[in-house]
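Encoded as structure tokens, the structure appears first; notes follow it.
Numbering (full-length UniProt numbering), first residue to last: 1 to 145.
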């Protein structure tokens with residue numbers, strides 16, 4: 001019997017600690033993956049082109065992320081027989097299927113960054129929250145402050 005996508009969707013539960021989905025989420029839910037996939041939407045790019053397009057990414061980080069994307073089937077790597085050797089990267093069909101949600105997250109981030117920064121500023125200037133994010137100082141006894 002052939003398995004449909006609907007049946008496959010219910011095989012895993014990322015909320016469970018031992019679910020193998022978690023390692024895949026580690027790959028797809030990071031900023032570099034979103035930026036690399038977005039850059040590759042226009043077609044194949046050489047390593048140097050990607051590095052220039054994605055400002056702030058180090059050679060080491062770009063290499064590690066491209067390898068992870070290649071290992072997981074999102075990206076293909078092609079070596080050109082030039083001197084020095086040149087390498088091109090392109091999205092696979094699976095990688096292109098990942099693009100819409102990643103592009104949506106990036107666009108949401110760009111659209112709502114001002115709102116998030118305003119919320120951060122309110123949080124950071126709240127006198128009841130003088131500790132790190134996630135620590136509610138108002139809940140501590142006065143003697144502990």
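Ideal Cβ placement from N, Cα and C applies to all residues, glycine included.
Buried or exposed (CB count within 10 angstroms, at least 16 for buried), residue 45: Within the chain shown, the letter at position 45 stands for residue 45. Answer is buried; the Cβ neighbour count reaches 16.
Inter-stretch contact at 8 Å, needing at least 3 Cβ pairs: the stretch 23-41 / the stretch 72-88: yes
Cα-Cα separation, residue 70 to residue 117: Taking the first residue of the chain shown as 1, we reach residue 70 at position 70. Taking the first residue of the chain shown as 1, we reach residue 117 at position 117. Spanning the two alpha carbons is a distance of roughly 34 Å.
Interface flag, residue 38 vs chain D, CB-CB below 7 Å: The displayed structure is made up of one protein chain only, and chain D is not part of it.
Euclidean distance between Cα positions of residue 92 and residue 23: By one-based count along the chain shown, residue 92 stands at place 92. By one-based count along the chain shown, residue 23 stands at place 23. Cα to Cα, the separation comes out at about 20 Å.
Endpoints, beta strand (DSSP E) assigned at residue 90: If you number the chain shown from 1, residue 90 lands on position 90. Start and end: 86-91.
Helix, strand or coil at residue 112 [DSSP, three-state]: Residue 112 sits at position 112 when you count from the first residue of the chain shown. Of the three classes helix, strand and coil, the one that applies to residue 112 here is helix, per DSSP.
CA nearest to the CA of residue 25, picked from 83, 57, 47 and 98: Start at 1 with the first residue of the chain shown, and residue 25 comes out as number 25. For residue 25, the nearest C-alpha among the options comes from 98.
Presumed contact (8 Å Cβ cut-off) between residue 59 and residue 52, rounded CB distance: To locate residue 59, count along the chain shown from 1; it is residue 59. To locate residue 52, count along the chain shown from 1; it is residue 52. Actually they are not in contact, since the Cβ atoms of residue 59 and residue 52 sit about 12 Å apart, beyond 8 Å.
Cβ distance (whole Å) where residue 90 is taken to contact residue 40 below 8 Å: Here the question's residue 90 lines up with position 90 in the chain shown. Here the question's residue 40 lines up with position 40 in the chain shown. Right, the Cβ-Cβ distance comes to about 6 Å (below 8 Å), so this counts as a contact.
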